[in-house]
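Structure first, then comments.
Protein chains in written order, with our numbering: chain A, 987 to 1192; chain B, 5 to 451.
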């Protein structure tokens, strides 16, 4: 009982971090928040692993810390322009972004309530599902390459949280997902240029 | 027998180490040649497997198409990028093509929904840098859009893997195909999320936005691989999920998305100003049709297979020809290309033939494939869909061939300036194979 309550509290913290990421306008704090989110996710996996005596989940927790907590932060920080201390998202203000994300959060809870929940009966799964949607929202609403990456990492964190709370995927698949994020971050950071904002290009229209 | 498939997947991956050799170009061609030889062996022996790998009649066609386009693209790429010599970028480019082919073959052969998802995502990782062999800002922007939009979409299809695992407590494709789900309502969610996720990779409307950008900015041999085989590999993944989750409302949903994609691409085609972008929209149209063919089944499934294989070679030829034109005219604009018939006589032939092939003109296999798909749709009572598709196909045919005719037949007295022999030979041989495909299907006993 107490473990499920801890799981719920960790879930609430993860959800909170998801909303904090949405309201961040500076990239470095955004990266730090998503790293914190990944660490909370790892703690969740470790606690579930300990309570169910599942060694795979404990290893998964360690890998989440190493890959998403350390390596992803390292690779993203490497590409932050050194000439500018603070890279700021310019496409939106805090108030509009907060409003979008709260509306989308409520919508995602409702979708989960009427699609997954009647069969799966896991209320915590809604947190994972809303993280996926919030990650997508971040990618859609921002122009900054780093924000896109962070949105993607959030989405993948959401999938892992859903997997932890609904049905744990086979270890091989979980590892594949983790490695996939790392590979994508490495490849993607190669594309991040000095100009980190994406604008409309005439030749890429129509 | 699993060893045959393992070798087929491992061969290009191992040969990608050619990066470290001075003979890297020869190694890449040998790798592609050996892969095609193995694919031919699998096709001729009609290899059937269901263990760690799943190989059946369907996957054999995909394996054949991937291996063939892989070889043609490597040969074309070696000629097309000859100015890059033995540079690090060129080495990386050919090595990544090997890894890209390997990841596609892995996706087709693997017998597990989780690993299939991983394979599809691996194709994204391995192919992203292929777009930016020349580090131009526009290409980097297109590659960025590709990697972010496709990866974000594919994460949604991972949700379908999760749901399927909850439903069946197993992810082995052959197991799921032979068992009933514990919660049939959940399979509908799996189908829907797979449609959005894999649909992003296939380029279904409205998740298609990366597709025209990536196809128009990628080097031509990569555009050929994307259009000819990468998108069909994503269709394969979606079809495997559909096989497990098929229900009347899911069929309707898939057909709806297929039809909307065809309609959208048809609306976009007449106003295109860039020829590679035009072929990208034509790919969307063909993918919509192939998806409908796989969904409706029956004779349409045969039609979809014929369309898929013919389109792979036809669109390959269209992009190889586009590459040759771009090399000579140094412009992607349709209006900038005039007098192609005089300036590039062989390329103009391959461009016309390939354009006719991808727009479903007889006697190409695409015509046969489209006919089979429309017949099955009609027999199943989808009259409105048939009407909309027929009108769309006519508009698409007129649009593409009008633009191509303008490029080929306008202007005059241009000096002859063809691309290298290997590039022209690749484009022409892809056209020739496109013409032969209906006969190959006849010989193989499919029709």
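Cβ atoms here follow ideal geometry from the backbone N, Cα and C, with glycine treated the same way.
**Boundaries (first-last residue) of the alpha helix (DSSP H) holding residue 217 (chain B)** = 214-221
**Message:** Taking the alpha carbon of residue 294 (chain B) as the reference point, which residue from B:279, B:313 and B:276 has its own alpha carbon closest?
**Reply:** B:313
**Item:** CB contact check: residue 334 (chain B) to chain A, cutoff 8 angstroms
**Value:** no
**Request:** List the residues of chain A that residue 275 (chain B) touches, going by C-beta distances under 7 angstroms, in chain order.
**Result:** 1192
**From B:128, B:187, B:338 and B:301, residue whose alpha carbon lies closest to that of residue 275 (chain B)** = B:338
**Item:** Boundaries of the alpha helix (DSSP H) in which residue 291 (chain B) is found, first to last residue
**Value:** 279-300
**Asked** From residue 1152 (chain A) to residue 316 (chain B), what distance separates their C-alpha atoms?
**Response** 40 angstroms
**Request:** Count the other C-beta atoms from every protein chain shown that fall within 10 angstroms of the C-beta of residue 1195 (chain A), then say buried if there are 16 or more, exposed otherwise.
**Result:** With chain A represented from 987 up to 1192, any question about residue 1195 (chain A) goes unanswered, as that position is not in the structure.
**Item:** Distance between residue 1099 (chain A) and residue 1005 (chain A) (C-alpha atoms, nearest Å)
**Value:** 20 angstroms
**Request:** Just the chain B side, please: which residues come within less than 8 angstroms of residue 1061 (chain A) by C-beta, in chain order?
**Result:** Within 8 angstroms Cβ-Cβ: nothing; residue 1061 (chain A) doesn't reach chain B, min ~14 angstroms.
**Request:** State the DSSP-derived secondary structure class of residue 414 (chain B), mapped to helix, strand or coil.
**Result:** coil
**Request:** Under 7 angstroms Cβ to Cβ from residue 60 (chain B), same chain only, skipping five residues before and after it: list those, please.
**Result:** 52
**Request:** Would you please verify whether the beta carbon of residue 132 (chain B) is less than 8 angstroms from any beta carbon of chain A?
**Result:** yes
**Item:** Rounded distance between the beta-carbons of residue 202 (chain B) and residue 231 (chain B), thought under 8 angstroms
**Value:** Going by Cβ atoms, the distance from residue 231 (chain B) to residue 202 (chain B) rounds to 16 angstroms, so no, they are not a contact pair.
**Asked** Among B:441, B:445 and B:428, which residue has its Cα nearest to the Cα of residue 76 (chain B)?
**Response** B:428
**Prompt:** On the three-state DSSP scale, how would you describe residue 368 (chain B)?
**Reply:** coil
**Message:** Please classify residue 135 (chain B) as buried or exposed, where buried requires at least 16 other C-beta atoms within 10 Å of its C-beta.
**Reply:** buried
**Item:** Own chain residues within Cβ distance below 8 angstroms of residue 80 (chain B), not counting five before or after
**Value:** 224, 225, 228, 324, 327, 426, 427, 430 and 431
**Request:** Anything in the segment 1095-1109 of chain A with a Cβ closer than 9 angstroms to a Cβ of chain B? List those residues in chain order, please.
**Result:** 1101, 1102, 1104, 1105 and 1106
**Message:** Quick check on residue 1047 (chain A): buried or exposed, where buried means 16 or more other Cβ atoms within 10 Å of its Cβ?
**Reply:** buried
**Item:** C-beta neighbour in chain B for residue 1086 (chain A), strict 8 angstroms
**Value:** no
**Request:** For residue 1166 (chain A), go through chain B and note every residue whose CB falls closer than 8 angstroms to its CB, in chain order.
**Result:** 122, 125, 126 and 129
**Asked** Since residue 337 (chain B) sits in a beta bridge, which residues does DSSP pair it with?
**Response** B:278
**Request:** Below 7 angstroms CB to CB, which residues in the same chain sit around residue 1195 (chain A) once its five sequence neighbours on both sides are set aside?
**Result:** The requested residue 1195 (chain A) is not part of the displayed model; chain A covers only 987 to 1192.
**Message:** Let me check understanding here. Comparing Cα to Cα, which of B:172, B:102 and B:44 lies closest to residue 15 (chain B)?
**Reply:** B:102
**Request:** Can you give me the start and stop residues for the alpha helix (DSSP H) that residue 61 (chain B) sits inside?
**Result:** 61-84
**Prompt:** Quick one: which chain B residues come within Cβ less than 7 angstroms of residue 1176 (chain A)?
**Reply:** 133
**Request:** Could you name the residues of the same chain whose beta carbon sits closer than 6 angstroms to that of residue 118 (chain B), not counting the 5 residues immediately before and after it, in chain order?
**Result:** 165 and 175
**Asked** Got a sec: which bits of the segment 174-205 of chain B sit with their beta carbon under 8 angstroms from any beta carbon on chain A, in order along the chain?
**Response** 175, 187, 189, 190 and 193
**Request:** Would you check if the distance between the CB atom of residue 277 (chain B) and the CB atom of residue 216 (chain B) is smaller than 8 angstroms?
**Result:** no
**Message:** Is residue 142 (chain B) close to chain A? Criterion is C-beta to C-beta, closer than 8 angstroms.
**Reply:** yes
**Asked** Taking 8 angstroms as the CB-CB cut-off, is residue 993 (chain A) touching chain B?
**Response** no
**Message:** I want to know whether the segment 1160-1169 of chain A touches the segment 179-197 of chain B - three or more CB-CB distances under 8 angstroms.
**Reply:** no
**Request:** Can you check DSSP and say which residues form a bridge with residue 114 (chain B)?
**Result:** B:57
**Prompt:** Checking contacts by CB at 8 angstroms: is residue 363 (chain B) closer than that to chain A?
**Reply:** no
**Asked** chain B partners of residue 1007 (chain A), CB-CB under 7 angstroms?
**Response** Under the 7 angstroms cutoff, chain B gives no residues; its nearest Cβ is about 15 angstroms from residue 1007 (chain A).
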